[in-house]
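Residue numbers (this note's numbering), protein chains in the order written: chain A, 11 to 485; chain B, 11 to 485.
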């Protein structure tokens with residue numbers, strides 16, 4: 011009898027693993043359980059759907075359920091939630107509309123993803139307060155800000171239904187100045203809402219470092235976004251009830267101040283959906299995500315984990331890390347698919363590369379930038395901030411690029427960098443990411459033979475200039 | 011008495027070396043001899059000056075002669091040609107308007123650059139036939155195509171004066187489909203000329219490989235450029251004389267065909283100005299350029315060479331190479347400046363990275379792409395061409411990127427790549443260049459943690475996709 015590969019979760023990691031395993035070993039039975047309706051969707055595109063850059067939510071789907079079933083011969087079962095893993099029996103318990111059943115597995119992949127964190131703030135359940143981490147929530151928010159009439163709206167999951175009570179909002183407070191918060195600021199602004207952002211840390215985009223964050227903050231203010239940094243949201247107040255404790259959201263309260271708003275997006279990060287694995291006795295790491303080895307295996311034999319529920323290995327710190335991003339999920343899923351099909355394949359390390367568009371800015375980072383984080387990893391970090399042009403000084407249309415680059419004092423090893431600018435940033439960070447994978451020193455980076463032509467770069471690319479100046483500081 | 015560092019040639023390599031040496035060792039006497047008037051200019055910007063994107067020729071100058079003299083304390087002597095190097099006496103013979111004199115040196119840098127090749131074609135001296143490798147020629151060509159009246163033109167060097175006899179041209183034939191030829195095609199087209207390109211090889215942009223070149227050719231034709239590939243120009247015919255052997259250019263003759271034109275740009279590459287060094291007994295390499303070691307030293311003690319007259323070390327082939335580009339010149343000059351000032355600094359290797367804008371396309375390359383070249387360097391090359399989107403499939407405005415990637419069959423080592431597309435190409439090549447410096451395998455490239463966000467890339471960046479598919483082909 012053929013082996014059975016069971017996958018829990020039908021998004022990036024899960025469907026990549028399922029597809030790769032089936033392609034490499036067509037005799038394998040591959041079953042994917044997805045508790046919702048959507049599979050293999052580009053969650054990163056949801057802000058642009060809300061903004062209106064993308065017409066249909068379905069456009070975000072790379073491969074449809076029917077294509078997985080018919081073209082890839084994968085037994086994909088949507089609306090099917092795995093509620094238990096029995097490692098002794100090698101079975102999972104599946105719940106669907108009709109009831110509950112057991113499914114045998116030979117290999118199991120936990121790809122349960124992450125969820126939006128719901129911080130312990132009063133008022134999270136008011137109408138008009140929402141999080142944003144599912145396709146249903148994306149549709150609900152878009153319908154709301156686009157002013158779609160109540161009776162023209164399609165049904166959503168219960169998590170977002172209450173957002174729709176009431177009129178099209180005129181203002182939105184975004185709690186959290188991370189990727190999603192800032193991408194949604196752009197989307198809401200495009201929809202004509204007054205946007206304010208509340209961030210409890212001194213700066214937005216904490217993983218990018220202070221210098222880069224400050225440029226992003228200036229840009230946000232230029233776009234008309236109200237920024238409240240270093241500001242703890244103490245309560246979300248409603249317009250109903252004796253003390254404003256119910257009904258539609260009316261204001262954000264921060265200490266003594268009250269900021270009236272008629273909708274709130276809580277975007278304070280994500281947490282790994284590790285509970286199912288933990289209940290089965292599978293170990294998590296210090297980050298709270300499921301611990302994995304170089305093949306993506308968990309502490310339980312024949313159980314793999316990948317994607318936003320799992321840790322990855324950070325090449326710079328040489329330690330486990332939790333960076334729930336799409337490429338890591340896709341790559342780990344694909345590697346695990348190969349391993350399950352009989353070709354052991356490493357999931358590969360990460361360096362923490364990320365890029366985000368914030369209105370007209372490209373903002374990117376890779377490696378270790380934070381001084382404390384670098385010290386905890388055993389480095390003595392030295393940092394340098396430079397600004398250089400995106401094109402030759404005489405070529406029209408160039409804009410400044412600011413780079414913060416960090417290296418270890420003793421060894422000169424490159425540790426990380428962040429950068430910001432209106433053009434030429436998003437993919438320039440990849441040069442530095444590649445250098446991090448190769449464990450280059452800044453002196454080696456300074457000597458890279460990078461591309462030059464006047465429309466695209468100064469002779470000394472900004473990356474080279476950053477490395478040159480930082481290298482001088484290390485001498 | 012202070013040591014004297016003499017530099018021959020006042021462009022990228024020479025002025026970088028002079029500046030760095032003086033900054034590191036202010037006691038050093040630094041003398042630069044430049045035979046012309048212009049120093050430290052961005053020759054790569056000249057096509058955009060002709061096109062009209064850049065207003066003044068002076069805009070191309072990064073640092074003026076006066077700044078070098080007054081702010082950097084460099085003894086810069088323009089209109090001063092070095093005509094002899096006496097290694098025994100450690101002197102150079104300098105010719106200027108007033109006569110000839112000897113100058114002692116302790117360290118000498120030969121940075122004499124390159125010149126446009128003049129192929130042995132009849133008719134090279136006709137009016138309206140020109141090459142393009144000096145600031146004077148750039149001004150002359152711009153004045154001609156912009157229709158500046160004869161009496162408003164400033165004087166140029168004798169090399170280009172005759173181009174100006176006659177009216178504003180209506181058509182131009184470009185002989186040579188390399189970087190300069192194609193950049194100038196764009197410039198002439200913008201000026202309203204009918205443009206045709208004659209290339210004796212089967213494709214334009216030979217160093218980029220056939221697959222990429224074909225896309226460039228399609229684009230050129232779409233822009234209205236007439237392409238004559240695999241076509242040898244046998245003669246440039248004039249409108250005067252008995253057999254059309256003088257006067258203004260009238261036609262390009264290729265075998266049986268005659269193509270009427272009223273101007274011709276001959277852009278068939280550049281050759282190193284190595285003669286001065288050769289006459290002093292300094293060795294050249296197989297490429298014809300001056301041979302140098304890892305510190306930029308020539309075969310003669312205390313004589314350095316850098317820039318477009320010198321070889322560089324190719325990291326991929328582990329052999330000397332001649333790739334006369336701006337960054338290599340700047341970097342080698344700077345390193346030699348440090349070395350002369352007492353801090354021995356390697357000039358660094360190259361991987362042959364280059365990028366060129368061709369109308370709306372970005373076209374880039376790095377490493378070894380040509381199969382014969384790879385075999386000569388001892389590799390067994392395997393090549394793969396892929397096409398992927400520049401953005402997430404659902405994000406508007408994305409365009410295709412085509413990549414050819416080459417690896418060694420036995421070791422899987424990445425050897426090179428070329429790519430073309432309307433956006434996201436120019437700096438994406440740097441990822442591959444960096445991987446070449448690190449001597450990565452394609453499997454390692456496939457596992458790089460590159461940046462992803464929908465506006466900038468698919469989840470699997472095109473570079474990763476190319477590496478993934480090529481890696482599969484190697485198995």
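In this text, a Cβ means the ideal position worked out from N, Cα and C, and glycines have one as well.
Item                                                                                                                                                      : Value
is_contact[residue 340 of chain A, chain B] using C-beta, thresh 8 angstroms                                                                              : yes
Minimum Cβ-Cβ distance from residue 467 of chain B to chain A less than 8 angstroms                                                                       : yes
Best match in B/188, B/252, B/411 and B/53 for proximity to residue 275 of chain B [C-alpha to C-alpha]                                                   : B/188
Residue interval of the beta strand (DSSP E) (run including residue 479 of chain A)                                                                       : Element bounds for residue 479 of chain A: not the beta strand (DSSP E) but the alpha helix (DSSP H), 472 to 484.
9 angstroms Cβ cut-off: residues of chain B touching residue 470 of chain A                                                                               : 337, 340 and 341
Secondary structure, alpha helix (DSSP H): runs of 4+ residues fully inside the segment 280 to 368 of chain A                                             : 285 to 289 and 336 to 350
Contacts around residue 443 of chain A, its chain only, beta-carbon distance under 6 angstroms, and the 5 residues preceding and following it disregarded : 361, 363 and 376
Residue 286 of chain B beta carbon near the ligand FAD (any heavy atom closer than 7 angstroms)                                                           : The ligand FAD is not part of this structure, which contains no ligands at all.
Neighbouring residues, chain B, relative to residue 276 of chain A (Cβ below 9 angstroms)                                                                 : By Cβ distance, chain B contributes nothing, its closest Cβ being about 22 angstroms from residue 276 of chain A, past 9 angstroms.
Test: residue 458 of chain B CB closer than 8 angstroms to a CB of chain A                                                                                : yes
Residues of its chain near residue 93 of chain B, where Cβ-Cβ distance is below 8 angstroms and the 5 sequence neighbours each way are ignored            : 103, 104, 105, 110 and 286
CB contact flag (residue 277 of chain A, residue 306 of chain A, <8 angstroms)                                                                            : no
Where the beta strand (DSSP E) containing residue 417 of chain A begins and where it ends                                                                 : 410 to 418
Under 9 angstroms from the C-beta of residue 406 of chain A: neighbouring residues of chain B                                                             : 58, 63 and 64
Chain-ordered neighbours of residue 360 of chain A on chain B, where CB pairs are closer than 7 angstroms                                                 : 459
is_contact[residue 366 of chain A, chain B] using C-beta, thresh 8 angstroms                                                                              : yes
Host beta strand (DSSP E) of residue 466 of chain B (start-end)                                                                                           : Careful: residue 466 of chain B lies outside any beta strand (DSSP E) and carries neither H nor E.
Contact the segment 309 to 316 of chain A vs the segment 115 to 134 of chain A: 3+ CB pairs below 8 angstroms                                             : yes
Range covered by the beta strand (DSSP E) that runs through residue 97 of chain A                                                                         : Neither: residue 97 of chain A is in no beta strand (DSSP E) and is coded neither H nor E.
Sequence-distant residues of its chain with Cβ nearer than 8 angstroms to residue 239 of chain A (five each side left out)                                : 187, 209, 211, 212, 213, 214 and 227
Whole-angstrom distance between residue 260 of chain A and residue 271 of chain A, CA atom to CA atom                                                     : 5 angstroms
Contact list for residue 387 of chain A against chain B, beta-carbon separation under 9 angstroms                                                         : Neighbours of residue 387 of chain A on chain B: none; closest Cβ ~17 angstroms, over 9 angstroms.
C-beta contact flag for residue 427 of chain A and residue 413 of chain A at 8 angstroms                                                                  : yes
For residue 226 of chain B, three-class secondary structure by DSSP                                                                                       : helix
Contact list for residue 70 of chain A against chain B, beta-carbon separation under 7 angstroms                                                          : 404
Closest Cα partner of residue 66 of chain B within the set B/40, B/150, B/279 and B/204                                                                   : B/150
Beta carbon proximity, residue 441 of chain A to chain B, threshold 8 angstroms                                                                           : yes
N-terminal and C-terminal residue of the beta strand (DSSP E) that residue 114 of chain B is part of                                                      : 109 to 114
First through last residue of the beta strand (DSSP E) which encompasses residue 199 of chain B                                                           : Element bounds for residue 199 of chain B: not the beta strand (DSSP E) but the alpha helix (DSSP H), 189 to 200.
Span of the alpha helix (DSSP H) around residue 43 of chain A                                                                                             : Premise fails: residue 43 of chain A lies in the beta strand (DSSP E), 39 to 43, not in any alpha helix (DSSP H).
Simplified DSSP state of residue 218 of chain B, which is helix, strand or coil                                                                           : helix
Straight-line Cα distance separating residue 126 of chain A from residue 44 of chain A                                                                    : 18 angstroms
Proximity below 8 angstroms, CB of residue 392 of chain A to CB of residue 334 of chain A                                                                 : no
Residue 452 of chain B to residue 419 of chain B span [Cα, whole Å]                                                                                       : 10 angstroms
Neighbour list for residue 32 of chain A in chain B, Cβ cutoff strictly below 7 angstroms                                                                 : Here the premise fails: no neighbours, minimum Cβ distance about 16 angstroms.
CB of residue 152 of chain B within 8 angstroms of CB of residue 59 of chain B, strictly                                                                  : yes
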